Amino acid sequence: MNQTILNEFSYKISKYELLTKEYNFYYFYNYNIVNLCEQLKEEITENLLSLDSDKHLIYLDLVSDTLEDSPFFNTKSTVIDKWLVKYNANIVDFPNFKGLELHKLLSVNDYYNQLPYNEFSHIENVQEDFYLYFAMIKTKKLVEHTNRLKVKYTNSNSSKSVVNNKMKWSGKPSQLGFIMGMLANLDYIETPKKKNGETNFTQFAKDLLDNIEIETTIGSLSTYLNIDSEKAQETVIKFENEKFLIPNRKMIS
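So the sequence shown is numbered by the working numbering: it starts at 1 and just counts up by one.
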């Protein structure tokens, strides 16, 4: 299992020391936050495909715990509010803020040390707050993504467990129908009844298919369960020719 991106997530996403100096917010947002999150999603998908089903939830718990421990996960969503108010901007317009002044502030870097200290300090504060905000937003979206996968794989693995818990019938549907039909006729098992007291072969077949894995339909199996039906007679004759006999329950009790 590859955990390269997961193990480096907190470290990589916190590397923003060069913000406003060599690069700017938009560069770090695209090539650090967005790119890193997409890489982690790909790593999660690849790991889930390679892991056994009983390890899916264990791995996804590890992912969500690591994400929630990342340094910016608990950053307050209000961290950029003062800048949105100051520059008359709305976060829904990101990354193309209508206010050109804020967009310009987030695009600046001072690689050649040409900005006055006060101006540089202000730009640095704005860009760092936006970086903290989006690192938090993207990390929480990754946690939501992981939680959705937990639900998906829980349901998927539960469905597989239901199938795996069934007994597999190796014979033919006609043979299953004959044997279970005989057991019912000889009072070894109780069958579902209709209101008139007769055996409900359709429900009988459904109950068997809920517990036995076999390729057949409810309609086909229900016909074989009724050993007096014309369709079941060929199987009845084959068993009789082989001297197959099940005594009545009352005879051996």
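Positions of the beta carbon are idealized from the N, C-alpha and C atoms, including for glycine.
Quantities reported herein were computed from a predicted structural model and do not represent experimental measurements.
Under the rule that 16 or more other beta-carbon atoms within 10 Å means buried, what is residue i, buried or exposed?
{"i": "S174", "result": "buried"}
{"i": "T154", "result": "exposed"}
{"i": "K55", "result": "exposed"}
{"i": "V162", "result": "With a pLDDT of 47 at V162, under the threshold of 50, the modelled position of that residue is not reliable, and the figure given next carries that caveat. When all chains shown are included, V162 counts as exposed."}
{"i": "T45", "result": "exposed"}
{"i": "I33", "result": "buried"}
{"i": "F204", "result": "buried"}
{"i": "Y31", "result": "exposed"}
{"i": "Y131", "result": "buried"}
{"i": "N47", "result": "buried"}
{"i": "L245", "result": "exposed"}
{"i": "Y133", "result": "buried"}
{"i": "M1", "result": "exposed"}
{"i": "L102", "result": "buried"}
Between residue i and residue j, which are expected to be in contact by the criterion C-beta below 8 Å, what is the C-beta distance as a whole number of angstroms?
{"i": "F73", "j": "L36", "result": "In fact, because the Cβ distance is near 14 Å, the residues do not count as touching under 8 Å."}
{"i": "V79", "j": "L106", "result": "Not quite, the Cβ-Cβ distance comes to about 14 Å (not below 8 Å), so this is no contact."}
{"i": "V143", "j": "E43", "result": "Contact flag wrong, Cβ pair sits at about 15 Å."}
{"i": "S64", "j": "T139", "result": "S64 to T139, Cβ: 11 Å. No contact."}
{"i": "L186", "j": "R249", "result": "6 Å"}
Put residue i into one of helix, strand or coil per three-state DSSP.
{"i": "V163", "result": "Low per-residue confidence applies at V163: pLDDT is 47, beneath 50, and the placement is therefore not dependable, though the value from the model is reported in the following sentence. If DSSP states are grouped into helix, strand and coil, V163 belongs with the helices."}
{"i": "E213", "result": "strand"}
{"i": "Q233", "result": "helix"}
{"i": "K76", "result": "coil"}
{"i": "K168", "result": "strand"}
{"i": "T199", "result": "strand"}
{"i": "Y23", "result": "strand"}
{"i": "K104", "result": "helix"}
{"i": "K194", "result": "coil"}
{"i": "M1", "result": "coil"}
{"i": "L245", "result": "coil"}
{"i": "S222", "result": "helix"}
{"i": "Y29", "result": "helix"}
{"i": "N185", "result": "helix"}
{"i": "I91", "result": "helix"}
{"i": "P173", "result": "helix"}
{"i": "L255", "result": "Because the chain is modelled from 1 through 253, residue 255 falls outside the range shown and cannot be assessed."}
{"i": "F97", "result": "coil"}
{"i": "S10", "result": "helix"}
{"i": "S70", "result": "coil"}
For chain B, is any of its Cβ atoms less than 8 Å away from the one on residue i?
{"i": "K195", "result": "No chain B appears in this structure, which consists of one protein chain only."}
Measuring alpha carbon to alpha carbon, tell me which of the options ends up nearest residue i.
{"i": "S240", "options": "L84, M251, I179 and L105", "result": "Correcting the residue identity first, residue 240 is Glu in this sequence and not Ser. The shortest C-alpha separation from E240 is found at I179."}
{"i": "Y23", "options": "M182, E128 and V151", "result": "E128"}
{"i": "Y188", "options": "L132, N147, L49 and S253", "result": "S253"}
{"i": "A184", "options": "Y224, G219, S50 and K238", "result": "Y224"}
{"i": "F28", "options": "P95, Q203, H145 and K41", "result": "P95"}
{"i": "H145", "options": "S170, E38 and Y11", "result": "E38"}
{"i": "K86", "options": "L245, D207 and L100", "result": "L100"}
{"i": "N255", "options": "F134, L51, L60 and S53", "result": "A query on residue 255 cannot be resolved here, the shown segment of the chain reaching from 1 to 253 and no further."}
{"i": "E215", "options": "E198, G171 and M136", "result": "G171"}
{"i": "I91", "options": "I137, W169 and L209", "result": "I137"}
{"i": "N165", "options": "E198, A135 and L209", "result": "L209"}
{"i": "K206", "options": "E198, T217, N196 and G197", "result": "T217"}
If you drop the 5 nearest sequence neighbours on each side, which residues of the same chain put their C-beta closer than 8 Å to that of residue i?
{"i": "K194", "result": "N200"}
{"i": "M167", "result": "N211, I212 and E213"}
{"i": "D93", "result": "none"}
{"i": "P247", "result": "L186"}
{"i": "S50", "result": "M1"}
If I measure Cβ to Cβ from residue i and keep anything under 7 Å in the same chain, skipping five residues before and after, which residues do I get?
{"i": "V236", "result": "F178 and I227"}
{"i": "T66", "result": "L6 and F9"}
{"i": "S220", "result": "P173"}
{"i": "L57", "result": "K150, Y153 and T154"}
{"i": "L40", "result": "I5, L6, F9 and L142"}
{"i": "N88", "result": "G99"}
{"i": "F25", "result": "L19, L106, Q127, F130 and Y131"}
Kindly list the residues whose CB is nearer than 6 Å to the CB of residue i, restricted to its own chain and excluding five residues on each side of it in sequence; keep chain order.
{"i": "W83", "result": "V126"}
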